[in-house]
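Participant:
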Amino acid sequence: MTKYIFITGGVVSSLGKGIIGASLGKLLRARGFSVAIQKFDPYINVDPGTMSPFQHGEVFVTDDGAETDLDLGHYERFIDANFGKINNVTSGSVYQTVINKERKGEYLGATVQTIPHITNEIKSRIIKATEEFKPDFMIIEIGGTIGDIEGLPFIEAVRQFKTEQGMGNAISIHCTLIPYLPTSGELKTKPSQHSVNVLRSYGIHPEILVCRTSYPIPQDEKEKLALFCSVPKDAVIECRDMKSIYEVPLALEEQNMAAVVLNMLNTCYKRADLKSWEDLVRRINNPKTTLEVAIAGKYTKLSDAYISVVESLKHAGYANEAKVNIHWINSEDCIDYECCKTLMKDIDAVVVPGGFGIRGIEGKLNVIKYARENNVPFLGLCLGMQCAVIEYARNVVGLEDANSKEFDDNCKNPVIDLMLEQKNVTAYGGTMRLGQYECHLKDGSIAKKVYGSDVIYERHRHRYEVNNEYLDQISNAGLVFSGMSPDGKLAEIVELPQNDWFVASQFHPEFKSRPEKPHPLFKGLIDAAIKNK
Ligand code: GLN
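If you're matching positions, the sequence shown starts at 5 in this note's numbering and goes up one per residue.
1) With I478 as the anchor, note down where its alpha helix (DSSP H) starts and where it stops.
2) From this set, G53, K7, Y79 and V102, which residue's C-alpha is nearest R518's C-alpha?
3) The ligand GLN heavy atoms versus the CB of H466: any closer than 7 Å?
4) Quick check on the DSSP output: the alpha helix (DSSP H) that includes Q390 runs from which residue to which?
5) So does G364 have its beta carbon nearer than 7 Å to some heavy atom of the ligand GLN?
6) Buried or exposed for C386, going by 16 or more other Cβ atoms inside 10 Å?
7) DSSP beta-bridge partners for H466?
8) Quick one: what's R216 bridged to in DSSP?
9) By alpha-carbon positions, which one of I299, Q223 and G53 ends up nearest to A70?
10) Only counting the same chain, and skipping five residues up and downstream in sequence, which positions put a Cβ closer than 6 Å to that of E514?
11) In angstroms, rounded to a whole number, what distance separates the CA positions of N379 and D504?
12) Roughly how far, in whole angstroms, is the beta-carbon of A375 from the beta-carbon of V354, given that I think they are within contact range, below 8 Å?
13) When you compare each of D67, M488 and V65 to N472 by their alpha carbons, which one comes out closest?
14) Mind listing, in chain order, the continuous alpha helix (DSSP H) runs of no fewer than 4 residues lying wholly within the stretch 314-359?
15) Quick one: is P186 buried, meaning 16 or more other Cβ sit within 10 Å of its Cβ, or exposed?
16) Considering M55, what are the terminal residues of the alpha helix (DSSP H) in which it resides?
17) Got a sec: does the ligand GLN put a non-hydrogen atom nearer than 7 Å to the Cβ of L156?
18) Inspect the CB distances between the stretch 479-497 and the stretch 348-365 and report whether three or more fall short of 8 Å.
19) Tell me where the beta strand (DSSP E) around N92 begins and ends.
20) If you follow the beta strand (DSSP E) that E62 is in, where does it begin and where does it stop?
21) If we ignore side chains and look at the alpha-carbon of each, how far apart do R163 and A451 end up?
22) Classify M261: buried if its beta carbon has 16 or more other beta carbons within 10 angstroms, exposed otherwise.
23) The alpha helix (DSSP H) spanning I23 covers which residue range?
24) Mind listing, in chain order, the continuous alpha helix (DSSP H) runs of no fewer than 4 residues lying wholly within the stretch 83-142?
25) Any contact of the stretch 31-47 with the stretch 169-177, i.e. 3+ C-beta pairs under 8 Å?
26) Using only the alpha-carbon positions, how far apart do A114 and K105 sit?
27) I need the straight-line Cα distance from F511 to V116, nearest angstrom please.
28) What would DSSP say about R363, mapped onto helix, strand or coil?
29) Among N329, L284 and T346, which one has its Cα closest to the Cα of P522?
30) Taking the Cβ atom as the reference point for each residue, do T294 and A323 lie within a distance shorter than 8 Å?
31) Fully enclosed by the stretch 405-464, which beta strand (DSSP E) runs are 3 residues long or longer?
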């Protein structure tokens with residue numbers, strides 16, 4: 005029987021509930037339990053796919069092609085599992101289902117209301133995910149902050165669901181912030197007490213409190229929190245700022261968080277095997293070298309916009325006992341080639357990540373040209389690959405006006421064109437080529453060597469592709485199309501054999517990298533950077 009762990013947040017947003025949930029998931033996995041997750045996002049968008057990365061951070065893509073909240077990335081990386089559509093539930097998707105049912109007359113004339121129709125739909129999503137994954141534990145994170153109006157239907161659904169499951173089958177964990185007042189030199193617990201009170205006013209009594217803090221919380225303050233928030237003393241867990249997010253599971257384990265959870269859920273305690281994770285953290289904290297790696301994109305002001313790329317680079321660093329310092333290069337600052345040269349001067353490797361629209365494109369092309377000509381290890385992702393093809397077509401093949409139809413609909417040499425299946429698509433939401441597809445690797449290629457396989461499966465999110473009319477011309481000039489779709493019609497990977505590492509993919513390898521299993525394309529990039537150093 006599946007046991008449920010609900011996670012809410014209070015006091016402020018961006019507390020890192022996702023990291024806390026993922027860390028608990030890791031601790032349960034380390035005890036041999038199966039774990040699935042669900043993220044509830046109270047916004048009205050059906051999914052985050054149409055939101056600006058500045059609003060929402062990265063859109064994480066699953067195997068089954070769901071465009072989801074970036075926390076799903078943390079859950080996949082910590083738990084080392086693959087999730088999908090059912091694991092991310094938004095208000096928009098819940099209301100959409102309910103309204104569609106109402107239009108079909110499925111409510112038989114009833115007045116359709118938040119309670120019970122919306123809350124029932126939310127609960128049915130929990131059941132659906134449970135049936136699909138049949139996990140020992142289901143961790144369900146409710147996005148937003150307690151007190152938000154838009155989160156209320158989710159909170160009410162959780163209250164009902166928890167009650168229906170009965171004691172010992174479902175618990176809730178409330179994550180709060182313990183602010184530090186420098187003037188009085190004190191950590192303050194009052195905001196947490198208020199937040200728990202609000203949660204209790206909705207009928208949810210949290211069993212565990214996880215307190216985010218920059219400083220150690222003194223024992224008497226923990227006891228005060230336990231008393232005023234009505235949780236056992238050992239259920240007040242401190243979660244201090246860490247150098248690396250991957251240290252969080254170990255910090256929670258030290259406070260026996262998993263044991264407290266298992267006890268409350270009437271589950272036999274098992275010993276955790278965290279040896280390899282401890283070794284990972286040891287490598288993270290004791291790097292032997294440091295690498296300067298640039299990410300040249302347009303959303304550089306918000307590092308969350310490329311969070312999976314950043315994590316993938318770090319993972320590849322950990323495998324090499326190397327610390328990866330990220331340098332954010334705004335591609336618009338590289339439109340002048342001299343500026344680009346200056347920004348790229350001390351860079352050991354560069355990634356040109358995915359993106360949409362023309363802004364900063366000429367700067368990305370300059371970054372790629374610089375990397376190609378100066379043998380700086382380069383990895384292009386999605387738009388980054390499309391730019392690598394444009395750059396090669398312009399500067400090596402000699403098609404000076406080569407471009408993507410995304411940036412110039414009338415260009416004479418559209419080496420990147422809209423995919424055929426996209427030509428009649430008018431709606432924006434969920435209509436790209438999304439999710440996992442098979443890709444065949446060319447014999448003798450770098451890609452085949454690093455993957456150690458002929459066939460790979462990778463996740464996609466794009467509308468444009470390499471225009472096959474230019475394939476021969478470009479490959480005759482030296483760019484190798486080393487990964488193709490099974491029908492040979494869609495270019496998935498390009499590489500330049502003469503460079504130490506010049507590889508780009510139409511797919512997003514960053515969604516499949518794990519801290520203990522770096523993705524081969526990121527590992528290849530970082531290996532090359534280390535060799536060059
Ligand atoms: N804008 C490009 C396309 O739609 C690339 C998308 C991306 O980088 N995810 O094909």
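Note that beta-carbon positions come from the ideal geometry of N, C-alpha and C, so glycine has one too.
Here the structure is a predicted model, which is why all the values come from computation and not from measurement.
Facilitator: Here's the rundown:
1) Its alpha helix (DSSP H) spans residues L475 to N480.
2) With distances taken between Cα atoms, R518 lies closest to Y79.
3) Yes - the ligand GLN has a heavy atom lying nearer than 7 Å to the Cβ of H466.
4) Residues L387 to Y396.
5) No, the ligand GLN has no heavy atom inside 7 Å of this Cβ.
6) C386 is buried by the Cβ-count criterion.
7) Paired residues: R437.
8) R216 pairs with L181 and C243.
9) Nearest to A70 by C-alpha distance, out of I299, Q223 and G53, is G53.
10) Around E514, the same chain offers S312, V313 and S316 as residues with beta carbons nearer than 6 Å, after the five sequence neighbours per side are excluded.
11) Going by the C-alpha atoms only, they are around 6 Å apart.
12) For A375 against V354, the beta-carbon gap comes to about 5 Å, under 8 Å, which counts as contact.
13) Residue M488 is the option with its Cα nearest to N472.
14) List check, alpha helix (DSSP H) in window: 341-348.
15) By the Cβ neighbour-count rule, P186 is exposed, with fewer than 16 other Cβ atoms within 10 Å of its own.
16) No residue range can be given for M55, since it is assigned to no alpha helix (DSSP H) and is classified by DSSP as neither H nor E.
17) False, no ligand heavy atom lies under 7 Å from that Cβ.
18) Contact between the stretch 479-497 and the stretch 348-365 is absent, because fewer than three Cβ pairs lie under 8 Å.
19) From DSSP, the beta strand (DSSP E) with N92 extends over N92 to T94.
20) Careful: E62 lies outside any beta strand (DSSP E) and carries neither H nor E.
21) Roughly 50 Å between the two C-alpha positions.
22) Using a 10 angstroms sphere on the CB of M261, the tally of other CB atoms reaches 16 or more, which defines it as buried.
23) Counting along the chain, the alpha helix (DSSP H) containing I23 begins and ends at K21 to R33.
24) You should have 95-107 and 123-137.
25) No, the stretch 31-47 does not touch the stretch 169-177.
26) For A114 and K105, the distance between alpha carbons rounds to 12 Å.
27) Separation of F511 and V116 (C-alpha to C-alpha, rounded to the nearest whole angstrom) is 42 Å.
28) In this structure, R363 counts as coil in the three-state DSSP scheme.
29) In this structure, L284 is the residue among N329, L284 and T346 with its C-alpha nearest to the C-alpha of P522.
30) No; because the gap between Cβ atoms is not below 8 Å, this pair is not in contact.
31) Segments of the beta strand (DSSP E) lying fully in the stretch 405-464: 406-408, 417-422 and 437-445.
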